[in-house]
Amino acid sequence: MTAPLIFLGIESSCDDTAAAVLRHVPGQAPEILSSVVEGQTALHAAFGGVVPEIAARAHAERLDHCVERALADAGLDLAALDGIAVTAGPGLIGGVLSGVMLAKGLATATGLPLVGVNHLAGHALTPRLTDGLAFPYLMLLVSGGHCQFLIAKGPESFTRLGGTIDDAPGEAFDKTAKLLGLAQPGGPAVEAEAALGDARRFAFPRPLLDRPGCDLSFSGLKTALLRARDALVAEKGGLTVQDRRDLCAGFQAAVADVLAEKTRRALQMYHDLAPSHPALAVAGGVAANKALRARLETISAEAGVQFLAPPLRLCTDNAAMIAWAGIERFRLGLHDGMDLSARPRWPLDQTAPALIGSGKKGAKA
Amino acid sequence: MRPDTLLAFDTSAAHCAAALLSGGQVWLRCEPMDKGQAERLMPLLEELLAEAGIGWSDLAGIGVGTGPGNFTGVRISVAAARGLALGLGIPAIGVTRLEALAHRLPRPITVIEDARRGEAYVQEFAAEPGPARITPLPVAVAGAVTGSAAPDGLPSALPLAQAVAEIALSRLSTPQPRPAPFYLRGADAAPPSDPPPVILP
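For the record, the sequence lines run as chains A and B.
Once you know that position 83 of the first sequence is 82 in numbering that gives the first Met the number 0, the rest is easy, because the numbers rise by one and skip nothing.
Once you know that position 175 of the second sequence is 174 in numbering that gives the first Met the number 0, the rest is easy, because the numbers rise by one and skip nothing.
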């Protein structure tokens with residue numbers, strides 16, 4: 000499959016409704032012709048986290064408008080497309096279903112091929128969209144919903160080295176912001192406070208550092224932060240601005256320490272593959288954290304590995320990455336029928352043992 | 000395109016239902032199912048069109064049941080309808096389940112439809128439709144009634160998907176908003192119970 004391809008991408012697995020148009024001519028860098036992302040932060044702000052039913056309601060009524068805007072921004076109509084790629088999971092099922100059904104309607108009406116894409120593959124293949132990175136590379140996916148180390152070996156071939164056994168770091172940042180009365184989303188708010196705080200004042204745990212391997216845990220850190228906050232409130236009836244800065248700094252340092260050490264271990268495992276151009280790439284909203292990014296850059300430099308962080312708009316949820324993952328899948332000769340399922344749980348590495356959700360419904364991610 | 004040709008579907012409850020109208024003829028499908036509507040809907044529509052010998056490009060419009068009913072089921076059909084409408088360049092028209100149930104019954108009539116959790120969706124249709132509401136059971140109203148929570152009421156005049164199709168076809172000549180789920184029930188989200196800490200000066 001060496002023909003030039005233009006794909007529409009559709010993404011609705013969490014709280015961003017997104018559509019994008021991407022053109023790829025083999026041998027050239029892919030070109031993002033348009034990328035529309037409509038966030039829902041204001042809809043969920045009052046609830047201290049994403050409410051699945053509210054997200055699903057918004058996606059169902061925004062998706063077709065986003066697709067129209069993406070086509071208009073690209074200056075193309077549907078007839079110019081070669082295929083439609085849509086996130087088919089994992090994620091909040093109400094939103095994923097709306098995206099999948101919209102895509103099925105579009106594909107049926109136009110006769111275009113439909114390609115169901117794993118949202119995590121979208122993130123994991125982004126370094127190839129932005130920088131043409133060659134397989135195999137090491138990927139740290141770190142967001143509000145996910146945290147895992149993957150070796151990307153091919154568009155459909157991923158090996159998970161480890162991941163969180165409970166919460167994702169982005170969720171922990173949001174929870175920290177909520178506990179400390181800071182704005183949502185918590186990542187930027189906590190980072191800004193942390194920059195003014197003393198990370199040594201509070202002794203927060205570094206979960207799972209004493210165990211071998213690359214698995215992570217963040218729920219205990221959240222509890223430790225809650226206890227430290229409650230102790231201060233019990234002592235003086237509230238938090239001072241400096242207390243809050245120090246709590247944020249301590250929390251962020253703990254997250255960075257854990258991710259840095261586990262990244263070091265993942266790099267060792269990756270080195271065993273003897274890649275010709277070793278590279279570590281990050282994706283997900285937490286990868287925007289400057290303190291964390293600086294640590295990862297240092298570790299990569301020490302290990303003699305290229306460090307790659309796509310621009311933020313392609314690190315967080317977007318549809319350009321879904322269009323790209325769809326093109327990569329389509330070039331392998333793969334596409335889907337109208338019976339394509341939306342899947343709340345869909346691990347990229349189907350062979351690795353489940354980290355979360357190991358019940359009868361299977362691994363989450 | 001044929002001006003009198005319209006395809007309608009509904010997955011707002013435990014079924015996958017569709018009706019095709021063309022040249023005064025009707026083709027119907029209704030498959031009971033608790034889940035799997037998202038996988039079944041498009042193949043079912045393809046089968047119905049094939050049976051009638053009608054192509055997607057022959058359609059003048061899409062009709063879709065917008066609920067109230069199962070939130071996820073309603074979104075499955077509404078999203079598919081909006082995708083088809085965008086792809087075909089034809090309008091998609093939303094019809095509520097309550098409008099469809101009252102269709103072709105003598106008026107005035109009140110639809111009382113089971114909403115689960117001890118509640119019912121209620122709407123009176125006289126010369127004009129009254130406001131739709133959700134209310135605890137039992138519901139006391141004067142006059143003729145219909146619907147799943149009105150055991151002694153009139154049976155509906157048509158299969159649900161056919162009623163949706165007929166109403167949608169009747170609206171095809173006037174501009175309509177895009178179909179949107181008609182929930183009547185809130186999203187069940189509560190603000191967090193623990194207040195943020197006091198920030199001291």
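From the three backbone atoms N, C-alpha and C, an ideal C-beta is built for every residue, glycine too.
Would you list the one or two residues that DSSP bridges to residue i?
i        : result
Tyr136/A : Ala151/A
Thr350/A : The partner list for Thr350/A (beta bridge, DSSP) is empty, contrary to what the question assumes.
Cys146/A : Val141/A
Leu5/B   : Leu20/B and Gly60/B
Glu10/A  : Ala17/A
Pro107/B : According to DSSP, Pro107/B bridges with nothing at all.
Gln36/B  : Looking at the DSSP assignment, Gln36/B forms no beta bridge with any residue, so it has no partner.
Trp345/A : Its beta-bridge partners do not exist; DSSP assigns none.
Tyr182/B : DSSP, once it has assigned bridges, lists no residue as partnering Tyr182/B.
Ile5/A   : Arg22/A
Output the boundary residues of the beta strand (DSSP E) element that contains residue i.
i        : result
Asp15/A  : Asp15 to His23
Ser34/A  : Glu30 to Gly38
Gly82/A  : Gly82 to Gly88
Ile92/A  : Not the beta strand (DSSP E): Ile92/A falls in the alpha helix (DSSP H), residues Ile92 to Thr109.
Leu162/A : Looking at the sequence shown, residue 162/A is not Leu but Gly. It spans Ser156 to Gly162 - the beta strand (DSSP E) in which Gly162/A sits, taken as one unbroken run.
Gly93/B  : Ala91 to Val94
Pro204/B : Past the boundaries of the shown model lies residue 204/B; chain B is included only from 0 to 200, so the question cannot be answered.
Glu118/B : Glu118 to Phe124
Phe306/A : Gln305 to Leu307
Just checking my contact of residue i with residue j at CB under 8 Å: how many whole Å lie between their CB atoms?
i        : j        : result
Arg264/A : Val114/A : With a Cβ gap of about 34 Å, Arg264/A and Val114/A do not count as contacting.
Gly64/B  : Ala99/B  : 7 Å
Leu218/B : Leu104/B : Because chain B spans 0 through 200 in this model, residue 218/B falls outside it and cannot be assessed.
Ala18/B  : Val25/B  : 6 Å
Gly98/A  : His58/A  : 7 Å
Ile61/B  : Ile89/B  : 7 Å
Asp165/A : Ser216/A : 5 Å
Assuming residue i is part of the alpha helix (DSSP H), what are its boundary residues?
i        : result
Ala18/B  : Looking at the DSSP string, Ala18/B is not in any alpha helix (DSSP H); the run it does join, the beta strand (DSSP E), is His14 to Ser21.
Thr71/B  : Phe70 to Leu87
Pro126/A : His118 to Asp130
Gln241/A : Val240 to His270
Val281/A : Not the alpha helix (DSSP H): Val281/A falls in the beta strand (DSSP E), residues Ala278 to Ala282.
Val232/A : Ser218 to Lys235
Ile53/B  : That residue, Ile53/B, is in no alpha helix (DSSP H); it is neither H nor E in DSSP.
Met320/A : Ala319 to Arg330
Thr297/A : Lys289 to Ala302
Ala193/A : Gly185 to Ala193
Compute the Euclidean distance between the alpha carbons of residue i and residue j, then round it to the nearest angstrom.
i        : j        : result
Phe124/B : Leu149/A : 59 Å
Ala233/A : Asp193/B : 15 Å
Cys13/A  : His14/B  : 27 Å
Pro2/B   : Leu96/A  : 31 Å
Asp338/A : Ala102/A : 12 Å
Pro137/B : Glu118/B : 8 Å
Gly121/A : Cys314/A : 10 Å
Met100/A : Ile75/B  : 6 Å
Ala84/B  : Ile92/B  : 9 Å
Glu112/B : Gly129/B : 15 Å
Thr175/A : Leu124/A : 30 Å
Ser34/A  : Gln147/A : 26 Å
Asp214/A : Thr109/B : 59 Å
Trp55/B  : Leu48/B  : 8 Å
His145/A : Gly68/B  : 32 Å
Ser169/B : Val94/B  : 11 Å
Inset, instruction - Tell me, please, whether the segment 331-344 of chain A touches the segment 139-146 of chain A by the rule of three or more beta-carbon pairs shorter than 8 Å. - result: no
Legend entry - the segment 300-307 of chain A in contact with the segment 37-57 of chain A per 3-pair CB rule at 8 Å: no
Inset, instruction - Specify whether the segment 213-225 of chain A and the segment 276-285 of chain A touch according to this definition: at least 3 beta carbon pairs, one from each stretch, less than 8 Å apart. - result: no
Inset, instruction - Decide yes or no for the touch test of the segment 103-123 of chain A against the segment 251-269 of chain A: beta carbon pairs closer than 8 Å, at least 3 of them. - result: no
Legend entry - Contact the segment 31-38 of chain B vs the segment 166-179 of chain B: 3+ CB pairs below 8 Å: no
Legend entry - the segment 19-29 of chain A touching the segment 316-323 of chain A, judged by at least three CB pairs closer than 8 Å: yes
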